[in-house]
Amino acid sequence: MARTTLIRYATGVVPLAVISVLLLVALFMMNAATQNSELFGRLYSLLLVINVAGIILLLTLILINLYRLAVQFRARVMGARLTLRLFGMFVLLAVIPVSVVLFFSLQAVNKGIDSWFDVNTEKALDDALLLGRTALDAIRQDLVKTGQDTAVELEDTPVKLVLPALDFLREKHDVAELTLFSQNGEIIASSSQAGPSAGTLVPDRPNETILSRVRQGQVYANLDPIAAGDLQLRVVVPVYSREVGAPIRILQLLQPLPTRYAKLGQSVQVAFAEYEKLVYLRGPLKFGFTLTLGLVALLTMLISIWAAIFSARHLVAPIRDLAAGTHAVARGDYRKQLPAQGRDEFGVLVRSFNDMTRKIQNAQDQTKRSQAEAEMQRTYLETVLAHLSSGVLSFDRRNCLRTHNAAAAQILHMDLGPAAGKSLLWLSKSQPQIADFCHSIRDASEKDRAEWQTEVTLAGQSGKRTLILRGTMLPRIRRRKGGYVVVFDDVTALIQAERDAAWREVARRLAHEIKNPLTPIQLAAERIRQKCMSALAYAEQTTMDRATRTIVEQVEALKSMINAFSDYARPVQMQTQPMDLNDLIRDVVELYGGRISKRATGSNDRNDAILTKPPAIKLGLDPDLPNITADPGRWRQVLHNLLLNARDALANNEKPLIYINTRLVEYARENFVELVIEDNGPGFPENLMDQMFEPYVTTGDKGTGLGLAIVKKIVEEHSGTLFAENLADSGARITIRVPIGETASLHKGDLSRSSSDFKEKRA
Amino acid sequence: MGFIMRAYRRSNWLTAAALTAALSASVADAEFTVTNVEPRLTAEALALSGVLDLGLSTKVEEALSKGIPMDVIIDISLYRERSVVWDARIQTWALRRRISYHALSRQYLLMGHRPDAATVESFVSLQSALRTMGSLDELSFALNREFDSNSNYYVEVRASLDIESLPAPLRPVAYTSLAWHLSSGWTEWHVQR
Chain E
972 MARTTLIRYA
982 TGVVPLAVIS
992 VLLLVALFMM
1002 NAATQNSELF
1012 GRLYSLLLVI
1022 NVAGIILLLT
1032 LILINLYRLA
1042 VQFRARVMGA
1052 RLTLRLFGMF
1062 VLLAVIPVSV
1072 VLFFSLQAVN
1082 KGIDSWFDVN
1092 TEKALDDALL
1102 LGRTALDAIR
1112 QDLVKTGQDT
1122 AVELEDTPVK
1132 LVLPALDFLR
1142 EKHDVAELTL
1152 FSQNGEIIAS
1162 SSQAGPSAGT
1172 LVPDRPNETI
1182 LSRVRQGQVY
1192 ANLDPIAAGD
1202 LQLRVVVPVY
1212 SREVGAPIRI
1222 LQLLQPLPTR
1232 YAKLGQSVQV
1242 AFAEYEKLVY
1252 LRGPLKFGFT
1262 LTLGLVALLT
1272 MLISIWAAIF
1282 SARHLVAPIR
1292 DLAAGTHAVA
1302 RGDYRKQLPA
1312 QGRDEFGVLV
1322 RSFNDMTRKI
1332 QNAQDQTKRS
1342 QAEAEMQRTY
1352 LETVLAHLSS
1362 GVLSFDRRNC
1372 LRTHNAAAAQ
1382 ILHMDLGPAA
1392 GKSLLWLSKS
1402 QPQIADFCHS
1412 IRDASEKDRA
1422 EWQTEVTLAG
1432 QSGKRTLILR
1442 GTMLPRIRRR
1452 KGGYVVVFDD
1462 VTALIQAERD
1472 AAWREVARRL
1482 AHEIKNPLTP
1492 IQLAAERIRQ
1502 KCMSALAYAE
1512 QTTMDRATRT
1522 IVEQVEALKS
1532 MINAFSDYAR
1542 PVQMQTQPMD
1552 LNDLIRDVVE
1562 LYGGRISKRA
1572 TGSNDRNDAI
1582 LTKPPAIKLG
1592 LDPDLPNITA
1602 DPGRWRQVLH
1612 NLLLNARDAL
1622 ANNEKPLIYI
1632 NTRLVEYARE
1642 NFVELVIEDN
1652 GPGFPENLMD
1662 QMFEPYVTTG
1672 DKGTGLGLAI
1682 VKKIVEEHSG
1692 TLFAENLADS
1702 GARITIRVPI
1712 GETASLHKGD
1722 LSRSSSDFKE
1732 KRA
Chain Z
1356 MGFIMRAYRR
1366 SNWLTAAALT
1376 AALSASVADA
1386 EFTVTNVEPR
1396 LTAEALALSG
1406 VLDLGLSTKV
1416 EEALSKGIPM
1426 DVIIDISLYR
1436 ERSVVWDARI
1446 QTWALRRRIS
1456 YHALSRQYLL
1466 MGHRPDAATV
1476 ESFVSLQSAL
1486 RTMGSLDELS
1496 FALNREFDSN
1506 SNYYVEVRAS
1516 LDIESLPAPL
1526 RPVAYTSLAW
1536 HLSSGWTEWH
1546 VQR
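Note that the protein sequences, when read in sequence, are chains E and Z.
Under my numbering, the first residue of the first sequence carries the number 972, and numbering increases by one thereafter.
Under my numbering, the first residue of the second sequence carries the number 1356, and numbering increases by one thereafter.
Listed below in structure tokens is the structure:
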């Protein structure tokens, strides 16, 4: 991370700007140095190195930037393509003019330098030099002659007289300095006039080259530049001795040039030397200017390229941000806000974009809130529907089921999940037991009424059930027919309850209205018998006796019947407790086991003995059957009534057989204890199936016809249901289902305890 | 060098070899050599005598003849030998000698070779001027500390053309051309007592 930051900083705008400024300064100094500036002349090489290194550094930084740009371009980073295009454009715009300027500058510089040199000037300078040399040659020749004359005069001068002779000759010939050397170059004597060089102790000595030339007999004569730019003539001549074999001596004459000559000569020398130097330096000077101009141009180009990179990036940055923002919006991120830009058109664009996303975000939030509210409403409706006791179904305009609630499934005794989205036709075909229900809905809906009501009877395992359907048309959407809602209730129990209530009222009135006159009738009959019996003849007495007895007996029978009605009609106070149905069944069956004639006293609707073969009773009791909350006394009556009913039905059966089964069943997500009693008798008459549990509906000629009605009453008092059906081959079946209720959660210990309590109570 | 490369490309090996030999020969002539140096230590000074062979390349000679003065720097370093670590550099001196051409008198002028810096000596021939320029005649360099009589001393001597003293426009050319790189390199001479 630190490395990336360092690279980013190193390749950023600040270092590049600093390098550029420094390089420009260095170039300025170098340019000054090229123009022979004293100040920068000494620094020229250093400046050159600094410039070249700086340009290499700048080039490296630019290359790094370009590399990053290329990587971004290859990775298809947003905006890289545009940056590259802008960069290319800027570079072209910068490089072409700079190249043109460089070309013409170089041309101008080269021509300018060339124009410094002129053939005539060169010729004039050469001539001036030649003239100077010629003029000086004449003076030199004079001095050579003087030297030679002096040498001749010194040939026979003895050593002791050399110095005076030199003084004499110097003054005679007007020479500045005369020095006589031995053959090996040692000074013998020297004479000099007072002058600029008079202060020096040692006379000027010719160098070894000159001395060797003179030893060989040659004369040396030349112009010697001396310090401070002055010129002097030096003539060295051999001095021969007249004595044979004597070594030669060397005489040196030094004569400063006359001031006028010296100045002119110096001027010509300086001008010629400068010109020669310039001519020689023409090439390097051109090279230097070309180098400086090239570096300036290169630096300008590099700075332009660098500026192009940053300008392109700067220009593209808001576009890239905008593109990224639009991508984000396309992805569904409406919270995207772009960084604020300046006051230019990009800034306006960015602000507009931010406004747009903010508004979209608000709209989105609003939509989400609305959706949440709608969802809440839907959930609320679903909750209400789920807890309605009425079944609710909604259909679309093509009669396809859209929604349903739990009560609907419960009432129809089927799982409506697979039927969702399916048509009524499909429903009626796949579920034949509710085909009538489906037909009724379809028929009613086709009439296009806003509201309708109908009643449907469905036959099923639990007997016939009556449903009341109420349909309501849903509002039209965009002028298209909407669907409809069907609300239905199972009114079987209600109808039955109404019927039962009516019966109870009849029973109560009957008992009240009939029972009252019965006792006077009975008493009157007995009084008639007592009072009139003695007054009658025997034959009549017999008739009277039979008649009055009949009256009394029938009245008694009527009383019994009325009492039975009263019992049926009277509301009973239930004494419920946890009860093990299996134990009760075993107790009751024990009473019937092998007993033939007399029947249980608990039943009040049978008084006659039944002389038939006792039916065999087979028990199929579920050992895991939980307890139910019930009144054991009343359940005992239920079992008695059912067993008697079965036994009556099996009266003419050779192999009478009764099955009693219990089991735990789950129905509509609720647990029930199911009691099933089957026989192999003739079954119920089909025409009585609907009224089987109503009072005074009986197949036999015995009893009050209240047996099954009482069973039904007791079962319903325990919130149970029961239904009767005929078996396929032969026989009848009565099924009773009682909800387990809270006692279902009793433990086995509680169960056994409850059972034993019950047994004790019974005992 | 371009024509040599072209010669190589043409597979004219003989020509190329001849050209390369000629070029290396000219470069070989044009070099500075420290022929002999005799350093001696006296009580307070280092006395030095010796001969430096200063051969100029054609380019340098041409520039000299066109009036451009050339500075030759003679660097002298005195070292004391040490057995464990590197040798200790005791002192360094640099002598600057300038040669220039005087067109009017057609002589080469030499400066800086005498103790008196202002002394100008003129030479008719370049060779004699260079010879004088390269001669170290009993030079004496004062020591700023006393020397250890038990240690061994040696001097390193180098003669080189000072490109920095050339006119500014000529410097880039000189730096980028082998003909201008004239240096003897360091040579080592043991100091006698």
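Here a beta-carbon is modelled for each residue, glycine too, at the ideal position from N, C-alpha and C.
Model, not experiment: these values are computed from the prediction.
At a cut-off of 8 Å between beta-carbon atoms, Ile1026(E) makes no contact with chain Z.
When the alpha-carbon of Ala1147(E) is set against those of Glu1214(E), Leu1077(E), Gln1223(E), the nearest one is in Gln1223(E). Checking the DSSP bridge columns, you'll see Val1457(E) partnered with Leu1364(E), Gly1442(E). Counting along the chain, Gln1546(E) sits inside no beta strand (DSSP E), nor does DSSP assign it H or E at all.
Neighbours of Ala1418(Z) across chain E, judged by C-beta separation under 8 Å: Tyr1251. Only residues of its own chain outside the window of five on either side were considered, and among them Pro1394, Leu1491, Leu1494 have a CB closer than 6 Å to the CB of Leu1403(Z), listed in chain order. Residue environment: Asp1554(E) is assigned as buried (16 or more neighbouring CB atoms within 10 Å of its CB, all protein chains considered). The region 1464-1484 of chain Z makes no contact with the region 1517-1528 of chain Z; the number of CB pairs closer than 8 Å stays below 3.
Remark: three or more beta-carbon pairs, one from each stretch, lie closer than 8 Å, so the region 1531-1545 of chain Z and the region 1411-1424 of chain Z are flagged as touching. Membership of Val1682(E) in the alpha helix (DSSP H) is indicated by the continuous run 1678-1688.
Residue contact check for Val1207(E) against chain Z: no CB pair falls below 8 Å. Contact between Arg1500(E) and Asp1516(E) holds: CB atoms are separated by about 7 Å, below the 8 Å threshold. DSSP places Phe1061(E) in the uninterrupted alpha helix (DSSP H) bounded by 1051-1087.
Chain order gives the chain E residues near His1457(Z) as Pro1196, Gln1240, where near means a beta carbon separation below 7 Å.
A direct Cα-Cα distance of roughly 50 Å separates Leu993(E) from Leu1396(Z). A contact is defined here as three or more CB-CB pairs under 8 Å, and the region 1319-1332 of chain E meets this definition with respect to the region 1277-1297 of chain E.
Collapsing the DSSP output to three states places Pro1389(E) in a helix. In terms of Cα proximity to Phe1694(E), the closest of Pro986(E), Phe1088(E), Gly1702(E), Thr1706(E) is Thr1706(E).
Comparing alpha-carbon positions, the option among Val1190(E), Arg1220(E), Val1090(E), Ala1099(E) lying closest to Val1130(E) turns out to be Arg1220(E). Under the three-pair Cβ rule at 8 Å, the region 1686-1700 of chain E does not count as touching the region 1626-1642 of chain E. The residue among Asn1391(Z), Asn1499(Z), Gln1547(Z), Glu1519(Z) with its C-alpha nearest the C-alpha of Trp1448(Z) is Asn1499(Z). Contact between Val1069(E) and Thr1271(E) holds, since their C-beta atoms are separated by about 5 Å, short of 8 Å. Neighbours of Ser1076(E) in chain Z, taken as residues whose beta carbon is under 7 Å from its own, are absent, since the nearest beta carbon is some 17 Å off. For Pro1653(E) and Leu1613(E), the gap between their C-alpha atoms comes out near 15 Å. Under the DSSP assignment, Asn1091(E) falls in the alpha helix (DSSP H) whose first and last residues are 1090-1125.
Under the Cβ distance rule, Leu1403(Z) does not count among the residues neighbouring chain E, no pair being separated by less than 8 Å. Asn1081(E) and Leu1521(Z) have their C-alpha atoms some 22 Å from each other. Close CB contacts of Ser1275(E) within its chain, under the 6 Å cut and outside five residues either way in sequence, are with Ala1065 (chain order). Listed along chain Z, the residues sitting closer than 9 Å to Asn1178(E) by beta-carbon distance are Glu1476, Ser1477, Phe1478, Ser1483, Thr1487. Contacts with chain E at 8 Å (Cβ-Cβ) include Arg1526(Z). Secondary structure remark: continuous beta strand (DSSP E) runs of at least 3 residues inside the region 1388-1456 of chain Z, in chain order: 1400-1409, 1425-1435. Residue nearest to Ser1420(Z) within the set Asn1391(Z), Val1389(Z), Asp1426(Z), Tyr1463(Z) is Tyr1463(Z) (criterion: CA-CA distance). Taking a cut-off of 8 Å on C-beta distances, the region 1479-1487 of chain E does not touch the region 1386-1405 of chain E, as fewer than three cross pairs fall below it. The Cβ atoms of Lys1435(E) and Thr1425(E) lie no closer than 8 Å to each other. Interface with chain Z (8 Å Cβ-Cβ cutoff): Ala1268(E) is excluded. Only Leu1100, Gly1103, Arg1104, Leu1107 from the region 1099-1111 of chain E bring a Cβ to less than 9 Å from some Cβ of chain Z.
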